[in-house]
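Engineer:
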Amino acid sequence: MYDIIIIGAGTAGLSAAIYGVRAGKKVLVLESASYGGQIVTSPEVENYPGIKKISGFEFATNLYEQAMELGAEIEIARVTQIRKDGVQKIVVTEEKEYACRAVILASGAKNRPLGLAKEQELIGKGISYCATCDGAFYKGKPVAVNGGGNTALEDAAFLTGYCEKVYLIHRRDSFRGEHKQVEALRQKANLEFVLDTNIVKLIADERLKAIEVQNTKTKETRVIEVSGLFVAIGQMPENSAFSPPVQLDQAGYIIAGEDCKTNVDGIFAAGDCRTKTVRQLATAAADGAVAALAACEYIRA
Ligand code: NAP
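Quick look at the structure:
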């Protein structure tokens, strides 16, 4: 019997684990893949207060080691269901069931696909959702990045260091990501902005060979020859295993406010998986702290 089970070993989940074990609680973290969450794929993090610059992987590794050294446990398991059994919560995985007093959902979000024909079959054959993981495969080749948020901007900056040419394709002419990063990209000789543009077709044989894009204003189309396409058009939540009993909004995010409380007593939601307007590393860590302390308070009451 655990005091707190945390689902997800990203920034929110591991931050919650640190706060839980430091409050003297027996804490288990369940993660379906490996620790770190989305930040693992960020080449450089420069906006986490108190750390001038760090790679996402190093940040996640530090966080993981900190939580484990403090006494949190972790198991690799995919959660398929959560149910209430009196005051206990039962967390069901593909392998077994765990009982606990409080649950913190910190399941993050997964990459949003473009939804184009052949996209799934071309993953690893020209389509990637992670520039830091796969960028080196495209050394000296032309690639495209799709998106206008910080992930796309960071990916594009990273890839200009490897690739012959980088096309940054975005559906609008202004960026959601940081202004400083956009300005830095304007200085790159091997980067071309392709704005007000959507990708409408993936052209491939065994591998991706080109993309067809369409300007949203003029409706003109253009074929761009690329060896790789890095899709960075945001995330989608993956919370269906928790509902019911936990309520989700229409987009699938767990309905919870800044207190991280869900509609179910003793079940909390932290980080990118919950309804919120700002999804940053700092807000994920903050949510982890809030949710863990709320779980401790719930257990005490
Ligand atoms: P995001 O900020 O949600 O941006 C997604 C981008 O993709 C937007 O520009 C959006 O266009 C575009 N988009 C969405 N759906 C699309 C579609 N179907 N077709 C074409 N384009 C589409 O996602 P993100 O960049 O992955 O960032 C997620 C969160 O993590 C953000 O809060 C971001 O600031 C944060 N982040 C932080 C760091 C860091 O702190 N170092 C690094 C990476 C990410 P519109 O702008 O037109 O909506």
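Numbering follows the working numbering, in which position 122 of the sequence shown is assigned residue number 163; successive positions increment by one, without gaps.
Using N, Cα and C, we set each Cβ at its ideal position, and we do this for glycine too.
Since we're looking at a predicted model, the values are computed, not measured.
(1) Would you say R315 touches the ligand NAP, meaning its beta carbon is less than 6 Å from a heavy atom?
(2) Using only CA atoms, which one of C314, L155, D306 lies nearest to A282?
(3) Between V184 and A197, is the Cβ-Cβ spacing less than 7 Å?
(4) For the ligand NAP, is there any heavy atom lying closer than 6 Å to the beta carbon of V86?
(5) Going by DSSP in three states, I275 sits in which element: helix, strand or coil?
(6) For the alpha helix (DSSP H) that A332 lies in, which residues bound it at each end?
(7) Considering only C-alpha positions, which residue in the set E106, H211, S268, V235 is nearest to D246?
(8) Rounding to the nearest angstrom, what Cα-Cα distance links L289 and G312 in this structure?
(9) If you follow the alpha helix (DSSP H) that V81 is in, where does it begin and where does it stop?
(10) Starting from L163, follow the alpha helix (DSSP H) in both directions and report where the run begins and ends.
(11) Do G188 and A273 have their C-beta atoms within less than 7 Å of each other?
(12) Quick one: residues in its chain with C-beta nearer than 6 Å to the C-beta of G329, no 5 flanking neighbours on either side, listed in chain order?
(13) Along the beta strand (DSSP E) that carries L71, what are the first and last residues, could you check?
(14) Kindly list the residues whose CB is nearer than 7 Å to the CB of R1, restricted to its own chain and excluding five residues on each side of it in sequence; keep chain order.
(15) Per the DSSP calculation, Y139 is bridged to which residue(s)?
(16) Across which residues does DSSP place F309 in a beta bridge pair?
(17) Considering only the alpha carbon of each residue, which of T173, A323, P278 lies closest to P90?
(18) Taking Cβ to Cβ, would you say G167 is nearer than 7 Å to N191?
(19) Could you pull out every residue in the same chain whose Cβ sits closer than 6 Å to the Cβ of Y81, ignoring the five residues on either side in sequence?
(20) Buried or exposed for T257, going by 16 or more other Cβ atoms inside 10 Å?
(21) In three-state terms, what does DSSP make of F216?
(22) Kindly list the residues whose CB is nearer than 7 Å to the CB of I59, restricted to its own chain and excluding five residues on each side of it in sequence; keep chain order.
(23) For Y89, name the three-state secondary structure that DSSP assigns.
(24) Looking only at its chain, what residues have a beta carbon closer than 8 Å to the beta carbon of R212, apart from the 5 residues adjacent to it on each side?
(25) Whole angstroms is fine: what's the gap from M277's alpha carbon to A158's?
(26) Which residues bound the beta strand (DSSP E) around T257?
(27) Which residues in the same chain have their Cβ closer than 7 Å to the Cβ of V223, if we skip the five residues on either side of it in sequence?
(28) What is the DSSP secondary structure of G61, counted as helix, strand or coil?
(29) I think E279 touches K125, with their Cβ atoms under 8 Å apart; what is that distance to the nearest whole Å?
(30) With distance defined between alpha-carbon atoms, name the residue in Q321, F309, V319, C171 nearest to G61.
(31) Which whole-angstrom value describes the C-beta separation of V70 and E138, a residue pair presumed to lie in contact below a C-beta threshold of 8 Å?
(32) G202: which of G176, I45, K317, G127 sits nearest, CA to CA?
Structural biologist: Here's the rundown:
(1) Numbered from 1 along the sequence shown, position 274 holds the residue referred to as residue 315. No, the Cβ of R315 stays beyond 6 Å of every heavy atom of the ligand NAP.
(2) Indexing the sequence shown from 1 puts residue 282 at position 241. When each option's Cα is compared against that of A282, the closest is C314.
(3) The sequence position of residue 184 within the sequence shown is 143, counting from 1. The sequence position of residue 197 within the sequence shown is 156, counting from 1. No, the pair does not count as a contact, with Cβ atoms beyond the cut-off.
(4) Taking the sequence shown and counting its residues from 1, the one referred to as residue 86 is at position 45. The answer is yes for V86.
(5) Taking the sequence shown and counting its residues from 1, the one referred to as residue 275 is at position 234. Correcting the residue identity first, residue 275 is Gly in this sequence and not Ile. The answer is coil: DSSP assigns G275 none of H, G, I, E or B.
(6) Working through the sequence shown from its first residue, we reach residue 332 at position 291. From DSSP, the alpha helix (DSSP H) with A332 extends over 322-341.
(7) Residue numbering aside, residue 246 sits at position 205 when the sequence shown is read from its first letter. Comparing Cα-Cα distances from D246 to each of E106, H211, S268, V235, the minimum goes to S268.
(8) By 1-based counting over the sequence shown, the position of residue 289 is 248. By 1-based counting over the sequence shown, the position of residue 312 is 271. About 14 Å.
(9) Residue mapping note: residue 81 aligns to position 40 of the sequence shown, counting from 1. Looking at the DSSP string, V81 is not in any alpha helix (DSSP H), and its letter there is neither H nor E.
(10) Here the question's residue 163 lines up with position 122 in the sequence shown. L163 -> no alpha helix (DSSP H), and no H or E assigned at all.
(11) One-based indexing of the sequence shown puts residue 188 at position 147. One-based indexing of the sequence shown puts residue 273 at position 232. Yes. Within cutoff.
(12) As a working mapping, residue 329 is identified with position 288 in the sequence shown. A53, S56, A57, A311.
(13) Residue mapping note: residue 71 aligns to position 30 of the sequence shown, counting from 1. Element bounds for L71: 68-72.
(14) Outside the shown range of the chain (42 to 342) lies residue 1, about which nothing can therefore be said.
(15) For the purposes of this step, residue 139 is taken as the residue at position 98 of the sequence shown. Answer is V132, bridged to Y139.
(16) Start at 1 with the first residue of the sequence shown, and residue 309 comes out as number 268. Bridge partners of F309: I145, K302.
(17) For the purposes of this step, residue 90 is taken as residue 49 along the sequence shown, with counting starting at 1. Nearest option by C-alpha distance: A323.
(18) Walking along the sequence shown from the start, residue 167 turns up at place 126. Walking along the sequence shown from the start, residue 191 turns up at place 150. Not in contact: G167 and N191 (Cβ atoms no closer than 7 Å).
(19) Within the sequence shown, residue 81 is the residue found at index 40, counting from 1. Residue identity differs from the one stated: residue 81 is Val in this sequence, not Tyr. Only G97, F98, A101 meet the Cβ criterion.
(20) For the purposes of this step, residue 257 is identified with residue 216 of the sequence shown, where counting begins at 1. It counts as exposed.
(21) Locating residue 216 in the sequence shown gives position 175, counting from the first residue. Correct three-state label for F216: coil.
(22) Taking the first residue of the sequence shown as position 1, residue 59 is located at position 18. The answer, listed in chain order, is Q107, A108, L111.
(23) Position 48 of the sequence shown, counting from 1, holds the residue named residue 89. Y89: coil per DSSP, three-state reduction.
(24) By 1-based counting over the sequence shown, the position of residue 212 is 171. Apart from the 5 residues on each side of it in sequence, R212 sits with its Cβ closer than 8 Å to the Cβ of G189, D237, T238, N239, T257 in its chain, given in chain order.
(25) What you label residue 277 is simply residue 236 of the sequence shown in a count that begins at 1. What you label residue 158 is simply residue 117 of the sequence shown in a count that begins at 1. Each residue's Cα considered, the two are about 19 Å apart.
(26) Counted from its first residue, the sequence shown places residue 257 at position 216. Segment: none, T257 is in no beta strand (DSSP E) and carries neither H nor E.
(27) Residue numbering aside, residue 223 sits at position 182 when the sequence shown is read from its first letter. The beta carbon of V223 lies closer than 7 Å to those of L194, F216 in the same chain, with the five residues before and after it left out.
(28) Here residue 61 corresponds to residue number 20 of the sequence shown, with the count starting at 1. Three-state DSSP puts G61 in a helix.
(29) Residue 279 sits at position 238 when you count from the first residue of the sequence shown. Residue 125 sits at position 84 when you count from the first residue of the sequence shown. Rounded, the Cβ-Cβ distance is 21 Å, inconsistent with contact.
(30) For the purposes of this step, residue 61 is taken as residue 20 along the sequence shown, with counting starting at 1. Closest by alpha carbon: F309.
(31) Taking the first residue of the sequence shown as position 1, residue 70 is located at position 29. Taking the first residue of the sequence shown as position 1, residue 138 is located at position 97. Not a contact, Cβ separation roughly 16 Å.
(32) The residue given as residue 202 occupies position 161 in the sequence shown. The candidate whose alpha carbon is nearest that of G202 is G176.
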